[in-house]
Amino acid sequence: PPYSPPPIPAVLNLLASALRWTSLVYIDASVVEMMVAGLELTLSVVAARVFRKRMVAYSRWAGVAIVAAGVIIIERGSSSESIEKHDTRDVTIGVILIVIQSILSVFQDLSEE
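Here my numbering is used: the first residue of the sequence shown is 5, the next is one more, and so on.
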């Protein structure tokens with residue numbers, strides 16, 4: 005019989021995509037893409053260490069720290085600019101959606117392995 009993979013990665017991908025598109029309502033697209041890429045990279049290394057019990061080199065941790073600092077700088081800089089265009093609450097909602105989306109994306113990667 006043909007093998008049918010479980011639908012868990014597909015559902016996680018659907019939810020992550022929906023959250024990514026919804027976050028575009030609250031935050032500029034360029035900021036969303038930079039934050040998503042940085043958070044996914046950071047969280048995937050943390051997940052590799054915590055869930056998969058893989059050893060992560062110190063140089064990779066240094067890279068993760070640099071990327072995480074960059075994501076924080078991008079978020080803080082965009083928040084001050086976005087307050088002029090949007091309400092502070094909208095920006096906060098957008099950031100929360102991006103964080104949840106990145107977590108779902110990492111869980112999708114974990115479920116595919």
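All residues carry an ideal CB built from backbone N, CA and C; glycine is no exception.
By the C-beta density criterion, A69 is exposed, having fewer than 16 other C-beta atoms within 10 angstroms. By the criterion of at least three beta-carbon pairs nearer than 8 Å, the stretch 41 to 50 is not in contact with the stretch 9 to 20. The shortest C-alpha to C-alpha distance from D94 to any of L23, M39 and I31 is the one to I31. In chain order, T46 place their CB closer than 6 Å to the CB of A72, counting only its own chain and leaving out the 5 sequence neighbours on each side. DSSP, reduced to helix, strand and coil, places P11 outside both helices and strands of the structure shown, so it counts as coil. Comparing alpha-carbon positions, the option among K57, P9, S106 and V60 lying closest to R24 turns out to be S106. In the structure shown, I31 adopts coil according to DSSP, grouped into three states. By alpha-carbon distance to M38, the top candidate from G67, I97, E117 and I77 is I77. The Cβ neighbour count for V54, taken over all protein chains shown within 10 Å, is under 16; the residue is labelled exposed.
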